[in-house]
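Peer 1:
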Amino acid sequence: MLKNFKKNCILLLLSELRPGGMERLITHLANGLQKKNVSMMVVCLQDKGELAEEIIESKKFVRAIGSHGSKDIKAVWALRKLFKDFKPAIINIHDYSSLPYAALANLFFFNVPLMFTAHGLLYEGFEKLQKRYRFFSRFLSGFSAVSNAVANRHRNYLDWGKEIQVIPNGVPEIKKDDSLRGQVRNELGMDAHDILFLAVGNPRPEKGFEDLIQAAVALKSMTTGRFRFKIAVAGKLFDSEYCRMLLASINAENLKDCFMFLGFRRDTAALYNAADIFVLSSRSEGLPMVILEAMTAQLPVIATGVGGIPDAVGQAALLVDPQDPCVLAVAMHELMANPDKRNTLARKGQALVREKYSMEKMVDAYIQAYEDLVKIK
1 MLKNFKKNCI LLLLSELRPG GMERLITHLA NGLQKKNVSM MVVCLQDKGE LAEEIIESKK
61 FVRAIGSHGS KDIKAVWALR KLFKDFKPAI INIHDYSSLP YAALANLFFF NVPLMFTAHG
121 LLYEGFEKLQ KRYRFFSRFL SGFSAVSNAV ANRHRNYLDW GKEIQVIPNG VPEIKKDDSL
181 RGQVRNELGM DAHDILFLAV GNPRPEKGFE DLIQAAVALK SMTTGRFRFK IAVAGKLFDS
241 EYCRMLLASI NAENLKDCFM FLGFRRDTAA LYNAADIFVL SSRSEGLPMV ILEAMTAQLP
301 VIATGVGGIP DAVGQAALLV DPQDPCVLAV AMHELMANPD KRNTLARKGQ ALVREKYSME
361 KMVDAYIQAY EDLVKIK
């Protein structure tokens, strides 16, 4: 077993543990490896980020280089020092911006197996960097992806001719807690019978939050006082044109009473407990952690059928077409008005996650992938 290898085996590398699905997976993976007594270290090219605190003994097991420039040669040397101190048996890279630095530091100084894990569908901004990443992908010994859709996208992007192992995301179970439910709903000014829709994700174009705002407009006209609802989005707002557009749309559509951006929240378990329905309006996804978290928290899920979502959830979620606010609103209204259907979806979702997307299964799959690479090496 990998845990019997020499001390300090696994190095997980990414840009920063900022709020996001990929970063959240790394916190789960790091904690899962520790619980199985597998030595590990998380290295961030930039800063540690807000999610670093979620890793057990983060001061000991998370390092940050502080590199913020483009083509920063000093970052290669900083990684070299960390590699030398840590002596990893495997380096698992989780984003493309980290790939060149890891490849160079490893090529010149260590030559241990490099494994790349692909998390998303490369929504925008990657085509101009394709030649660079195709070149550095030559130094990879292994490749994994969170879904078949993600694997196919990255295989084409890199012209990768070798195997890509699919390792689905896994999440820890979120327990029901009525006290947490009450706290958040009081904060949001909600009565016991009001319906709370929860969305989780940093506002970026691929998340399709403008579609969710327009769905709220349609849903408001459908309910006409019959139901009271709120839509809450947990995610870090940036000073970007896209975020400013979203906030302006909420004002223009007079949705301040029912649509709110909560910003970055650490109390995600409390948010899942407070919600009645989870909604995902994305235009592009791999295998969203947030859907799995919502399901393990026993929330019914409405999601757009993009990327790896349809294959992952099957009949355990209510799927709709992306970029169609009216269809999304109809689905939201359907679950608002049908408690039995909400309960049925909640049960199916929780059973699905327990069977296929548990933390235990995910961590074991990564350990097996690491072991296979060490054997090849």
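Using UniProt numbering, read the sequence shown as starting at 1 and increasing by one per residue. Quick reminder that beta carbons are idealized off the backbone N, C-alpha and C, glycines included.
Per DSSP, what are the beta-bridge partners of G142 in this structure?
Peer 2: Its beta-bridge partners are M115.
Peer 1: According to DSSP, is R342 helix, strand or coil?
Peer 2: If DSSP states are grouped into helix, strand and coil, R342 belongs with the helices.
Peer 1: For G263, which residues does DSSP report across the bridge?
Peer 2: G263 is bridged to A234.
Peer 1: Note the first and the last residue of the continuous beta strand (DSSP E) segment covering R63.
Peer 2: 62 to 64 is the extent of the beta strand (DSSP E) around R63.
Peer 1: According to DSSP, is Q183 helix, strand or coil?
Peer 2: If DSSP states are grouped into helix, strand and coil, Q183 belongs with the helices.
Peer 1: Hey, which unbroken runs of the beta strand (DSSP E) at 3 residues or more fall wholly within the stretch 273 to 316?
Peer 2: As far as the stretch 273 to 316 is concerned, its whole beta strand (DSSP E) runs of at least 3 residues are 277 to 280, 301 to 304.
Peer 1: Report, in whole angstroms, the separation of the C-beta atoms of F116 and Y157, which I expect to be a contact under 8 angstroms.
Peer 2: That pair is no contact at about 12 angstroms.
Peer 1: Can you give me the C-alpha to C-alpha distance between I291 and G170, rounded to a whole angstrom?
Peer 2: Computed Cα separation, rounded: 11 angstroms.
Peer 1: Pick from F109, A365, A103, K230: whose alpha carbon is nearest that of residue 378?
Peer 2: This structure leaves residue 378 out entirely; the chain is present only between 1 and 377.
Peer 1: Compare the beta carbon distance of V320 and A331 with 8 angstroms and say whether it is the shorter of the two.
Peer 2: Contact: yes.
Peer 1: For a quick check, are the C-beta atoms of P168 and Y370 less than 8 angstroms apart?
Peer 2: Not closer than 8 angstroms, so no.
Peer 1: Tell whether a beta-carbon distance below 8 angstroms holds between V43 and L11.
Peer 2: Going by C-beta atoms, V43 is nearer than 8 angstroms to L11.
Peer 1: Within a Cβ cutoff of 7 angstroms, which residues of the same chain sit near A329, ignoring the five residues on either side of it in sequence?
Peer 2: Excluding residues within five positions, the ones whose Cβ falls inside 7 angstroms are A215, A218, L219, M222.
Peer 1: Would DSSP call M336 helix, strand or coil?
Peer 2: Looking at M336 - three-state DSSP - the assignment turns out to be helix.
Peer 1: Reducing DSSP to helix, strand and coil, say where C44 ends up.
Peer 2: The answer is strand: DSSP assigns C44 an E or B state.
Peer 1: State the DSSP-derived secondary structure class of S97, mapped to helix, strand or coil.
Peer 2: The answer is helix: DSSP assigns S97 an H, G or I state.
Peer 1: Sorry if obvious, but does the Cβ on F108 come closer than 7 angstroms to a heavy atom of the ligand MG?
Peer 2: As far as ligands go, the structure on display features none, and thus does not contain the ligand MG.
Peer 1: If contacts are defined as beta-carbon pairs under 8 angstroms, then A234 and I174 qualify, I think. What distance do you get, rounded to the angstrom?
Peer 2: With 8 angstroms as the limit, A234 and I174 do not qualify as a contact, their Cβ atoms being about 14 angstroms apart.
Peer 1: Taking the alpha-carbon positions, what's the I195 to F238 distance?
Peer 2: About 27 angstroms.
Peer 1: Using alpha carbons as the reference points, say which of V200, K256, A199, R181 lies closest to D191.
Peer 2: The candidate whose alpha carbon is nearest that of D191 is R181.
Peer 1: What three-state label does DSSP hand N156 in the structure shown?
Peer 2: Three-state DSSP puts N156 in a helix.
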